Every structure is written in C-alpha cells, then in structure tokens.
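Protein chains: 2
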Amino acid sequence: MTSATDIQRYHTAAVELADEARRIITPALERGFILKTKADRSLVTEVDQAIERRARELIDRWFPDHGVIGEEYPPTRPDSPFQWIIDPIDGTEEFVHGIPTFGTMLALHLRGVPLVGVIDHAALDLRVDAGIGLGAFRNGQRIRLAQAVVDQHAEQVRLALSARINFTRQIDEGRLFETLTRLYPNHRIYRAAYAHTAAVTGAVDAMVDMHNHVWDLAPSRVLIEEAGGVYEVVRDFPAADGARLLSAVFGKAAVVERLVAVFRASPV
Amino acid sequence: MTSATDIQRYHTAAVELADEARRIITPALERGFILKTKADRSLVTEVDQAIERRARELIDRWFPDHGVIGEEYPPTRPDSPFQWIIDPIDGTEEFVHGIPTFGTMLALHLRGVPLVGVIDHAALDLRVDAGIGLGAFRNGQRIRLAQAVVDQHAEQVRLALSARINFTRQIDEGRLFETLTRLYPNHRIYRAAYAHTAAVTGAVDAMVDMHNHVWDLAPSRVLIEEAGGVYEVVRDFPAADGARLLSAVFGKAAVVERLVAVFRASPV
Chain V
461 MTSATDIQRY HTAAVELADE ARRIITPALE RGFILKTKAD RSLVTEVDQA IERRARELID
521 RWFPDHGVIG EEYPPTRPDS PFQWIIDPID GTEEFVHGIP TFGTMLALHL RGVPLVGVID
581 HAALDLRVDA GIGLGAFRNG QRIRLAQAVV DQHAEQVRLA LSARINFTRQ IDEGRLFETL
641 TRLYPNHRIY RAAYAHTAAV TGAVDAMVDM HNHVWDLAPS RVLIEEAGGV YEVVRDFPAA
701 DGARLLSAVF GKAAVVERLV AVFRASPV
Chain L
461 MTSATDIQRY HTAAVELADE ARRIITPALE RGFILKTKAD RSLVTEVDQA IERRARELID
521 RWFPDHGVIG EEYPPTRPDS PFQWIIDPID GTEEFVHGIP TFGTMLALHL RGVPLVGVID
581 HAALDLRVDA GIGLGAFRNG QRIRLAQAVV DQHAEQVRLA LSARINFTRQ IDEGRLFETL
641 TRLYPNHRIY RAAYAHTAAV TGAVDAMVDM HNHVWDLAPS RVLIEEAGGV YEVVRDFPAA
701 DGARLLSAVF GKAAVVERLV AVFRASPV
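One line per chain: the protein sequences are V and L, in this order. If you count by the working numbering, then the first sequence holds residues 461 to 728, one letter each, in order. If you count by the working numbering, then the second sequence holds residues 461 to 728, one letter each, in order.
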C-alpha cells in the first residue's frame, strides 16, 4: 500500500514534470522546431526529445530508484516496481501541423497500477491530473463526471475513437471500426491525447483507444476512475517490438458497458 | 463585377461581425449560458441566438439592401443578390461540452458566389478570413497552401471528414463513409467548424463535409481558393425543409482530385 503522503508527493512531481514540458513546448510553438522521421516512418521533433530528456533528468534526481519508460529513449531501471511512463508529445503529427489537440502524457505506475496521471495540452491551456484517492482535476477544478443516461439513444452518445489506421495496426480489426461507427454515428476522431481528456472531463461520453502503446494509455485509468468513470482493457496483444499493444474503453459507466459488449461480441 | 474597394469593405464588415461574435462568446464561456433543444432535437443556446441577432442588426444598419440567411432565424430580403450567410456557432454540441473546435462561420455571397468568408474560433484564439482577390489569412498572416505530393501514400494523407451520422442524413450514403475511411485511414473527425479551418490552413490535406446546410459551408470556398486550394461541390440535394443539403470536398488540389473521383465512382 502506498501512503496518501507518497501519492501526494508523486502527484506534485507529475504536475511539475508537466510544467517543465509546457516550458519547453510553448516557446517552440512560437519559434518553430526541427522535424525528424523515425525508422517506422512516424514523426519526432527535437521538442519531443527535449521534453523526455528533461523529464528523465528530473525523475533520476527526485526518485533515483524509479524506472522510466518513454516513447523516445530506451527504458531505464526496468526492474523497479515504480515506473514513470512518458509520452512527451502524444500527437506529434498534430503538433507539427499546428493542430492544438496534442498533449504531454505522464503517469507513475506501481507494479502496473497507475498511482498518478497527467495530460497537459500546452496549446489549449488545458490540463487534467489525478492521483489515487486525491480526485481528478481540470485546470485545478475537481472533476465529477455525470452519469450517462442508461438507455441513451445511440445517436445521442458522444463517442471519441481512434482513426481506422489504429484498428488495423498489426492485427486487422477494421471490422470493429465499421461496427462502432455504425452503432454510434455521433463520433469524433482527434488522433491525439485530447480524446482522452475529452473522456476524462465528460466532453465526450467515452473513448475507444485501439492498438496503442503503454505510454499512450498510461495516465488514463487513474484520471477516469478518479473522475468517477470506468476503464476497461479490451485487447492486450504482444507488439512486434516485444512490448504490448493495448486497447481500452473508458468514460461514463453506462456507455463503457455498451461498448465493451461490442468488443465481447467481436472476439479477435 | 464587384470592385476591389467593395470587397475590401465587405471583408472589413465580416471581420467586425466576427469580432462582435467573439465579444459575446468569450464572457459566455466564463459565465455559462442557457441551453435549449430545438424541434429537430439539435441544440441551441442563448449565445447562438444573441450572436445572430447582433449580426442581423449590424448588417441591416450597414447594408440595408442585403439579405441575411442564418441558422437560428428566418431569412430576410431573400430576393437581394447579396446574401450574408451566418452560422453563429457551428458545433453547438462542442460549445456546450467545452470542446474548443466550435466556430462562428460568416460569408457574403453575391448571386451564390462567395465574396468574403470568415471562420472564427473564440476558444482557440484562431481566425481565418478571406476576400476574393485579397488572399486568405490565419490570424492576420497570409496563408499559402503547399501543394500535396501527387502520389502521396494514402496512409499519409491527412483527411478531415464528417461523422457517419452526416453521411446518412436524409439520404443514406453510409457506404461512402466506409469507402473513404478505408482508403484514407489517417482521418480526423471534429464535428465542427475547426475541420474547415484545418483544411484552409493546411493542417489537414483536405476536408469532406457531407449533407450540410448552406450556412455550414458558406465561407469555405473563398477561404480555400484564396489560400491556394480547390473546392468542389460533390452532392447537392433538396433538403426536407425546402432548403438544400450540400456536400463538398476542399483542400489541396491533388488530394481533392482523388477524393472527388471516389464520389464519382459512387453515384447516389
């Protein structure tokens, strides 16, 4: 069991890491930055790398026995029960093209259980953060998700989901994209961290995030649960690079339940 | 022919109307507002209505012989060759739920030809505006769209499109949603004016807007053409309410051409 004092300390650290990320992102948005293409053809910028390096430096200083898993650099101390999980800029494609929905995603997991989580949107001046037992906050204001109406008409459900390209990543579940978009035609696709924040704040009723890396989902469980919603892992595959490819549904309980039933009815 | 001086005057007026809209929206975002449900179950707020009333008042004063078509009130002077077309808040659902992609859409058409257009995003501090022969601007900076690579890999094309619910509005073209999302799996769905702005600024390569009212599309042609892109109407049906239901594809020429070919291959 982790004490409330420790959770508080980790939460403060996570928020400070998000502040640091914003201090790096904001001037870069004004000044411009250098763009690189990774071996897998995905994009990375000097900004992504600078944030992750700075976060690793601070974590090493503050918690020298904690591990770090990040999108841009190899894991450190992979045997530690405490793992900081960092996506310096989720939605690099959005960042590069000036779409403000990108965000910094940060979490601390203890043996796989998220203790604290933050998603920070520098271009939207929007942050959500949470710690187990502390609650979830939107720009410092406590979030308490309203319950969804149980028998809400499907066309009224506001669903955020991954783009179809995620549904066919490694394993082809394109059929599920069709099923979900037919059943819930009032959907949004942001292709970036903002979709998570929208679910955490109740701006959408739920989010379906498909075939993603652990750092794309690391803060979302504690954020949504502390906000009063639910989080369900619906797929968990080994990924080509030896890591895991996760899919999760999260948001208001009544809607998540209906979505999880769609996944159960469509086994891989 | 309309003189450059007149276009300049209309452009100044359109920008002033957008300033007025922002002066109404910004305090409402802080203070909160009253929500209503219209007969067709769509949402409207006192803010939508206040903006449209104020715009109508100013247009009547500045251009007493011009007509006005708006989402919230009946048309005035429908026989005038000059028609101001107003969607006070495109994306009311987003506005109500705190999603910043909503926007005010304004245009002046002369016998159906758009002379000036503005999309203003109060919550993003982002505006695009254009006048025929004046150019298109993003927060005052001239936009010059880069050309898309002609043989760009389909997975690299960044496409914004309407949600599936639009594709089945009145006439069922759901099949086209499936075709487009399979062909171009790197897509975004914003369900609000921001999708248009993303195409105008080149943040996405193109936008497919399906089965929409004239006020949802009124500023987009002049904005995209003055930015250096192209605009094609791909569907034009009579709507149930006696108006028209339009679908358009706009953005970078090479991508629009490929998308228009998909529509040609799928006649209604």
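Idealized CB from N, CA, C, for every residue including glycine. Since the structure is predicted, the reported quantities are computational estimates derived from the model, not experimental observations.
Report task. Report back the beta-carbon spacing between V:L489 and V:A583 to the nearest angstrom; my notes put them in contact at under 8 Å. Result -> At roughly 6 Å, the Cβ-Cβ gap stays under 8 Å, so V:L489 and V:A583 are in contact.
Query raised in the report: If you compare alpha carbons, which of V:E553, V:T536, V:F542, V:D508 is closest to V:V576?
Result: The residue with the shortest Cα to Cα distance from V:V576 is V:F542.
**Report entry** Contact under 9 Å by Cβ, V:A499 with V:V682
**Finding:** Not closer than 9 Å, so no.
Query - Test: L:F637 CB closer than 9 Å to a CB of chain V - result: Cβ-Cβ to chain V under 9 Å: yes for L:F637.
Requested in this report: State the Cα-Cα distance for the pair L:R635 and L:F523, rounded to the nearest angstrom.
Outcome: Cα-Cα distance, rounded: 44 Å.
Report task. Would you mind giving the Cβ-Cβ distance between L:L619 and L:V664, rounded to the nearest angstrom? I have them listed as a contact below 8 Å. Result -> Their Cβ separation, rounded to whole angstroms, is 6 Å, which keeps L:L619 and L:V664 in contact under 8 Å.
Query raised in the report: Between L:F637 and the rest of its own chain, which residues show a CB-CB distance below 6 Å, the 5 nearest in sequence each way excluded?
Result: Result list for L:F637: R624, F627, in chain order.
Query raised in the report: If you check the beta carbons only, do L:E692 and L:V716 fall under 9 Å apart?
Result: In contact: L:E692 and L:V716 (Cβ atoms closer than 9 Å).
Query raised in the report: Looking at the structure shown, is L:Y691 part of a helix, part of a strand, or coil, going by DSSP?
Result: In the three-state DSSP reduction, L:Y691 falls in the strand class (E or B).
Query raised in the report: From V:A596 to V:V556, what distance separates their C-alpha atoms?
Result: Linking V:A596 to V:V556 through their CA atoms gives a straight-line distance of about 29 Å.
Query raised in the report: Contact check, L:E512 vs L:E532 under 8 Å by CB: the rounded distance?
Result: Right, the Cβ-Cβ distance comes to about 5 Å (below 8 Å), so this counts as a contact.
Query raised in the report: How long is the line joining the alpha carbons of L:A510 and L:R482, rounded to whole angstroms?
Result: Going from the Cα of L:A510 to the Cα of L:R482 covers about 11 Å.
Report task. Would you verify that the beta carbon of V:E633 is, or is not, closer than 9 Å to some beta carbon of chain L? Result -> False, the Cβ-Cβ gap to chain L never drops below 9 Å.
Query raised in the report: Looking only at its own chain, which residues have a Cβ that is under 6 Å from the Cβ of L:P574, when we skip the five neighbours before and after it?
Result: Non-local beta-carbon contacts of L:P574 in its own chain, meaning distances under 6 Å to residues more than five positions away in sequence, involve A567, R681, V682 in chain order.
Requested in this report: May I ask you to report which of helix, strand or coil DSSP gives V:K526?
Outcome: For the record, residue 526 of chain V in the displayed sequence is His; it is not Lys. Looking at V:H526 - three-state DSSP - the assignment turns out to be coil, as it is neither helix nor strand.
Query - Where the region 658-679 of chain L meets chain V: residues whose CB sits under 8 Å from a CB there - result: Flagged, chain order: A658, T661, G662, A663, V664.
Query - L:I484 classed as buried or exposed, judged by whether at least 16 other C-beta atoms fall within 10 angstroms - result: Flag for L:I484 reads buried.
Query raised in the report: Mapping DSSP to helix, strand and coil, what is V:G492?
Result: It is coil, neither helix nor strand.
Requested in this report: Could you please give me the residues that DSSP links to L:N672 through a beta bridge?
Outcome: According to the DSSP secondary-structure assignment, L:N672 is paired through a beta bridge with L:L706.
**Report entry** Pick from V:G702, V:E517, V:F710, V:R537 that is closest to V:D525, judged by C-alpha positions
**Finding:** Nearest C-alpha to V:D525 among V:G702, V:E517, V:F710, V:R537: V:R537.
**Report entry** Close beta carbons around L:E685, own chain, < 7 Å, minus the five adjacent residues each side
**Finding:** Closer than 7 Å at Cβ, skipping near neighbours: Y691.
Query - The alpha helix (DSSP H) enclosing L:A678, as first and last residue numbers - result: Per DSSP, L:A678 belongs to no alpha helix (DSSP H) and is neither H nor E.
**Report entry** Separation of L:G662 from V:G729, as counted between CA atoms
**Finding:** Residue 729 of chain V is absent from the structure shown; chain V starts at 461 and stops at 728.
Query raised in the report: If you check the beta carbons only, do L:G527 and L:S540 fall under 9 Å apart?
Result: Contact flag set, yes.
Query raised in the report: Taking Cβ-Cβ distances shorter than 9 Å, what residues in chain V pair up with L:N406?
Result: It is not possible to answer for residue 406 of chain L, since the shown part of chain L is limited to 461 through 728.
Query raised in the report: Comparing the C-beta of L:E615 with each C-beta of chain V, is any distance below 9 Å?
Result: For L:E615, the answer is yes, since a Cβ of chain V falls inside 9 Å of its Cβ.
Report task. Look up L:P698 in the DSSP assignment and give the residues it is bridged to. Result -> L:P698 pairs with L:R704.
Query raised in the report: Just to confirm, are V:G530 and V:I546 a CB contact at a threshold of 9 Å?
Result: The beta carbons of V:G530 and V:I546 sit closer together than 9 Å.
Query - Limits of the unbroken beta strand (DSSP E) element including L:T505 - result: The continuous beta strand (DSSP E) containing L:T505 extends over residues 503-505.
Requested in this report: Say whether chain V places a C-beta atom closer than 9 Å to the C-beta of L:H557.
Outcome: At least one chain V Cβ lies under 9 Å of L:H557.
Requested in this report: Leaving aside the five residues before and after L:A723 along the sequence, list all residues of the same chain whose C-beta is less than 6 Å from its C-beta, in chain order.
Outcome: A quick correction: the sequence has Phe, not Ala, at residue 723 of chain L. Within the same chain, V694 come within 6 Å of L:F723 by CB-CB distance, once the 5 residues on both sides are set aside.
Query raised in the report: Comparing the C-beta of L:P534 with each C-beta of chain V, is any distance below 9 Å?
Result: L:P534 has a beta carbon lying at 9 Å or more from every beta carbon in chain V.
Requested in this report: Compute the beta-carbon to beta-carbon distance between V:L677 and V:I649, rounded to the nearest angstrom, for a pair I have assumed lies under 8 Å.
Outcome: Rounded, the Cβ-Cβ distance is 17 Å, inconsistent with contact.
Query raised in the report: Should L:L584 be flagged as near chain V, meaning a C-beta pair shorter than 9 Å?
Result: Any Cβ of chain V closer than 9 Å to the Cβ of L:L584 would place that residue at the interface, and such an atom is present.
Query raised in the report: Does the beta carbon of L:R618 come closer than 9 Å to any beta carbon on chain V?
Result: Closer than 9 Å: yes.
Query - Nearest candidate by alpha-carbon position, reference V:Y654, set V:V475, V:A666, V:L518 - result: Closest by alpha carbon: V:A666.
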